[in-house]
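Let me begin by presenting the structure, written as structure tokens, before commenting on it.
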Amino acid sequence: MSAITPDVVKSHGLSAAEYDLVLEIMGREPNLTELGIFSVMWSEHCSYKSSKKWLKTLPTTAPWVICGPGENAGVIDIGEGLAAIFKMESHNHPSFIEPYQGAATGVGGILRDVFTMGARPIANMNALRFGDPSHPKTRHLLAGVVSGIGGYGNCVGVPTVGGETNFHPSYNGNILVNAMTVGLAPADRIFYSAAAGVGNPVVYVGSKTGRDGIHGATMASAEFSADNEEKRPTVQVGDPFTEKLLIEACLELMATDCIVAIQDMGAAGLTSSSFEMASKGGLGIEMDLDQVPMREEGMTAYEIMLSESQERMLMVLKPGSEGRAKAIFDKWELDFAIVGHLTDSGRMVLKRHGKVVADLPIDPLAQASPEYDRPWKAPAKRPVIELADVKAVEPIEALKTLLSCPDLASRRWIWEHYDHMVMADTVVRPGGDSAVVRIHGSNRGLAITTDCTPRYCYADPHEGGRQAVAEAYRNLSATGAKPLAVTDNLNFGNPEKPEIMGQIVEAIKGMGEACKGLDFPVVSGNVSLYNETNGQAILPTPAIGAVGLIDDLDHMATVPFKAKDDAIVILGETKGWMGSSLYLRELCGKEEGAPPPVALHREKREGEFVRSMIHQDLVSAVHDVSDGGLLVAVAEMAMASGIGATLEPPHGLAAHGWWFGEDQGRYVLTVPKDRLAEVLEAAQRGEVSARVIGATGGDSLNLTGGKSISVAELRRLNEAWMPDYMSAPDSNS
Amino acid sequence: MQAAVIVFPGSNCDRDVAVALEAAIGRPPLMVWHRDTDLPKADLLVVPGGFTYGDYLRCGAMAAHSPIMQEVVKKARAGTPVLGICNGFQILCETGLLPGTLMRNANMSFVCKDVHLRVESSDSIYTRKYNAGTVIRVPIAHGEGNYFADRDTLDRLEGEGQVAFRYVAEDGTTTPSANPNGSRHDIAGIFDKSRKVMGLMPHPERLADEKLGGADGRPLFDSVVEALA
């Protein structure tokens with residue numbers, strides 16, 4: 001028996017106090033296999049031990065929520081007998097170490113979370129953050145992540161319909177790769193993970209188990225230091241072809257009544273899937289590891305239990321249905337093995353070569369795993385920056401700078417690497433406020449968006465958390481979709497530092513307020529902590545993925561201008577908020593000031609107003625105003641259509657505040673002239689601020705009394721940055 | 734008329750083309766699993782897009798050697814029309830039903846976007862509802878769509894009018910920037926000698942419905958119905 005020395009405990013990421021708890025639970029010294037299991041199950045990644053206390057405060061219910069957090073993904077009722085199932089999950093640490101496989105397996109993992117519950121995946125999204133473009137690793141990481149996401153998603157045949165990408169030096173040592181999948185299932189055929197029925201067979205399906213990814217979850221729960229390169233073997237390798245077969249085989253099996261419970265093998269592989277299923281069902285499992293399909297010889301129990309080989313599932317089947325289930329997996333040429341059965345012992349008993357190699361209680365490793373109330377310190381509030389104190393730049397010149405800066409430049413280079421049209425239901429392709437995917441065979445659609453403004457979150461995590469949710473709400477509303485629910489992916493630094501824990505706590509509080517105020521519950525999510533390198537943390541990045549429903553695709557809205565001579569209307573109040581704005585960063589070189597506040601009651605009123613205008617066909621185009629402010633929003637509508645606009649002078653504000661302030665709760669609408677009076681009256685009745693600021697037409701953007709620029713030139717500036725950047729000679733050593 | 738779609742492990746545009754076929758024909762196509770050795774009676778066989786067998790080894794290579802494809806080849810030689818889209822085109826080239834091969838895109842990257850195609854001939858069951866010279870907009874989504882054939886084969890294809898579609902700019906002219914993958918002679922799709930077998934890299938089935946932003950692909954399916962129904 002190998003001796004469990006303090007060094008061995010430490011290398012498994014367990015603190016001395018946690019190891020004392022292990023001894024207490026076991027009543028003896030654990031063997032190495034058991035220690036490994038404790039290590040992954042109590043890792044931050046699997047246990048949420050630092051965030052659980054705060055995650056519990058998020059609103060998670062609404063009449064349309066079928067299943068909130070705690071399962072593989074969230075489930076909402078979208079009517080007509082259907083449910084939408086979705087979740088977002090990070091693959092940050094592996095993607096930094098090996099960008100192609102890290103990102104690819106991130107997509108594979110989130111797809112499995114969704115089809116495990118019975119849904120056919122219909123759309124993928126992603127939220128990506130990279131370091132400074134001038135950092136020597138950024139180009140390589142961006143190229144690898146994008147090809148990894150494309151390589152996996154394109155092959156499985158699920159369209160990647162949108163996402164967001166930011167650059168900031170704080171991500172130099174820790175990029176963020178957050179992937180989201182949305183699926184559809186019959187609302188009365190949802191599959192859950194709670195094991196039931198003592199004696200029922202526990203079945204392993206999918207790929208064989210190898211030695212890849214051992215300790216991935218533990219790696220994802222620690223800071224990076226100089227030895228990153230040595231961690232390459234902990235990154236898994238994806239096989240999207242097998243995933244495609246696994247999707248089809250599982251969905252075919254789910255159409256029968258063979259399955260009692262099912263869980264994908266994600267982080268911590270066979271360990272977490274078996275413990276989660278047993279824990280949720282209040283049962284035990286006895287497994288014979290010799291039965292696990294293996295692709296390498298001589299694997300130990302430790303390796304089998306901790307492997308993170310991809311494209312695998314664990315199921316509990318109804319007794320007697322094994323043959324029927326096996327026939328389906330044979331058809332799809334996938335492994336199928338009965339590896340154990342359920343017991344009433346509440347323990348996990350593992351055998352290898354006929355001997356018991358681990359015997360552990362279930363609950364203390366799963367539902368009753370440690371929970372910490374870590375000390376936290378709220379960050380100091382930043383001062384509000386006065387518009388008068390911010391340098392004024394000629395608006396067209398400022399617009400040119402903003403549209404070609406890395407954070408606003410066109411993402412076409414990225415999304416053209418993704419098959420965004422397979423399944424032939426993509427109604428709004430990448431580049432809009434939300435992607436819109438038709439519900440197959442109907443005239444309804446799901447709008448999907450991912451949002452977060454990390455610079456706001458760093459300036460004020462509380463306000464930034466509110467803003468991320470509000471922007472998602474706005475992006476859905478801008479298409480005419482009713483916002484239904486949220487998945488979150490909380491990316492932060494080391495929670496053992498009170499200032500980082502303070503960011504986590506405040507961001508969750510802010511998100512919770514916004515979700516509550518906007519009737520926009522959180523139904524699933526993921527936490528990624530320890531995104532630090534050599535003590536440098538990322539900007540707090542609580543990425544929000546959100547889904548809304550469009551009841552009738554004949555009454556929705558998109559970003560491009562549709563015709564000349566439409567009135568351009570700004571909805572919401574413009575006060576010239578400059579703090580933490582892109583203008584301040586890109587034109588003045590300052591990352592300062594309090595971020596713009598979000599007024600939730602107004603946000604909701606405006607969202608409802610916009611949706612009602614869209615449903616009545618009173619507006620011809622809608623775009624939310626976000627990064628870069630009003631003039632950027634109008635320019636984006638022009639670039640998307642090729643139609644120009646003439647804009648009136650600023651109203652009661654200095655030009656740079658009017659055009660580039662990032663006041664929240666705003667939309668740009670275009671309205672056919674003959675419907676304008678109706679829209680303005682409705683706004684007044686609805687107590688929504690609306691003001692005509694110009695009209696569409698021509699082929700350039702003209703500022704009355706100021707300069708103008710052709711739409712073609714705007715497009716050129718906006719489109720050039722990323723292809724130029726990606727084709728520049730690689731400066732990587 | 735009855736169409737049949739061959740489904741391989743890794744096919745992923747089988748449903749998309751089935752939807753487009755059903756819309757044009759008025760009845761759903763038969764979906765034929767790759768392990769079936771008997772082809773059902775059908776007026777048109779379609780080999781859809783996707784990543785058959787993961788595109789491991791070489792795109793379409795493994796599917797081309799599957800038992801069902803031997804049956805498809807037999808039927809094609811006996812005169813049954815066969816349409817291959819994207820990966821289906823690659824498979825038809827691998828079986829030898831169509832000449833040439835599809836290499837990695839010239840810029841080595843997968844690309845998904847709308848392209849413009851010029852219909853080079855309306856003299857086929859697939860293109861009779863287009864006018865020759867018409868420019869249509871349909872998407873591509875592939876990493877290996879770079880059509881290559883030797884000089885003699887290209888000359889023969891051109892001479893016999895076997896080029897079905899060519900990548901062009903919006904105004905119908907061929908330009909280097911309008912060719913998305915480096916294909917020889919800007920070739921996007923070809924016929925065999927009988928003009929009953931056609932392969933093309935673009936996806937007409939993805940823009941055959943105005944709801945999705947265009948329907949330029951629809952006449953291809955309507956052509957087949959007009960010719961075969």
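Protein sequence lines correspond, in order, to chains A and B.
Sequence positions in the first sequence follow our numbering and run 1 to 733.
Sequence positions in the second sequence follow our numbering and run 734 to 962.
Glycine included, each C-beta is placed from N, C-alpha and C at the ideal position.
Because the structure is a prediction, the values reported are computed rather than measured.
Three or more Cβ pairs closer than 8 angstroms define a contact, and the segment 797 to 804 of chain B meets that threshold against the segment 763 to 774 of chain B. Comparing alpha-carbon positions, the option among 353/A, 306/A and 252/A lying closest to residue 332/A turns out to be 252/A. The contact set of residue 715/A on chain B, defined by CB atoms closer than 9 angstroms, is empty, because the minimum CB distance reaches about 15 angstroms. In the structure shown, residue 770/B falls within a coil segment according to DSSP collapsed to helix, strand and coil. Burial of residue 945/B is indicated by the presence of at least 16 other C-beta atoms within 10 angstroms of its C-beta. Rounded to the nearest whole angstrom, the C-alpha separation of residue 383/A and residue 96/A is 35 angstroms. Here residue 628/A is near residue 582/A, since their CB atoms are less than 7 angstroms apart. In this structure, residue 637/A places its C-beta atom within 7 angstroms of the C-beta atom of residue 559/A. Assigned with DSSP and collapsed to three states, residue 33/A falls in helix.
Of the other Cβ atoms in all chains shown, 16 or more fall within 10 Å of the Cβ of residue 900/B; this residue is therefore buried. Residue-level contact check: residue 874/B touches chain A, since one or more beta carbons of chain A fall below 7 angstroms from its beta carbon. One Cα belongs to residue 957/B, the other to residue 859/B, and the distance between them is close to 5 angstroms. Against chain A, a Cβ distance below 7 angstroms from residue 844/B picks out 416. Around the Cβ of residue 276/A, a 10 Å sphere holds 16 or more other Cβ atoms; the residue is buried.
Rounded to the nearest whole angstrom, the CA to CA distance from residue 714/A to residue 192/A is 50 angstroms. For residue 336/A, same chain residues with a beta-carbon under 6 angstroms away, outside a window of 5 residues either side, are 205, 326 and 329 in chain order. By the C-beta criterion, the segment 407 to 423 of chain A is judged to be in contact with the segment 709 to 723 of chain A, since at least 3 inter-stretch pairs fall below 8 angstroms. Under a criterion of Cβ atoms nearer than 7 angstroms, the residues of chain B adjacent to residue 553/A are, in order, 944.
In this structure, DSSP gives residue 814/B a state outside helix and strand, which the three-state scheme calls coil. Considering only beta carbons, the part of the segment 240 to 263 of chain A lying closer than 9 angstroms to chain B consists of 240, 241, 242, 244, 245 and 248, in chain order. Residue environment for residue 19/A: buried (at least 16 other C-beta atoms within 10 angstroms of its C-beta). In the three-state reduction of the DSSP assignment, residue 846/B falls in the strand class, which pools E and B. The Cβ-Cβ distance between residue 525/A and residue 487/A falls below 7 angstroms. Boundaries of the beta strand (DSSP E) harbouring residue 341/A: 335 to 343, taken from the DSSP string.
Only 147, 150, 151, 154, 155, 156 and 157 from the segment 142 to 171 of chain A bring a Cβ to less than 8 angstroms from some Cβ of chain B.
Per DSSP, the unbroken alpha helix (DSSP H) holding residue 107/A starts and ends at 99 to 115.
Taking a C-beta cut-off of 8 angstroms against chain B, the contacting residues of the segment 422 to 439 of chain A are 422, 423, 424, 425, 426, 427, 429 and 438, listed in chain order.
The C-beta of residue 651/A has fewer than 16 other C-beta atoms within 10 Å across all chains shown, which makes the residue exposed.
Residue contact check for residue 822/B against chain A: no CB pair falls below 7 angstroms. Scanning the segment 409 to 478 of chain A for uninterrupted beta strand (DSSP E) segments of 3 residues or longer gives 426 to 428, 435 to 438 and 445 to 451, listed from N- to C-terminal end. Listed along chain B, the residues sitting closer than 7 angstroms to residue 420/A by beta-carbon distance are 845.
When C-alpha distances from residue 634/A are compared across 599/A, 703/A, 51/A and 590/A, the shortest belongs to 703/A. Below the 9 angstroms Cβ cutoff, chain B contributes 742 as neighbours of residue 333/A, in chain order.
In its chain, beyond the 5 residues on either side, 25 have a beta carbon closer than 7 angstroms to the beta carbon of residue 364/A. The straight-line gap separating the alpha-carbon atoms of residue 832/B and residue 931/B is approximately 11 angstroms. By the Cβ-count criterion, residue 529/A is buried, with 16 or more other Cβ atoms from all chains shown falling within 10 Å of its own Cβ.
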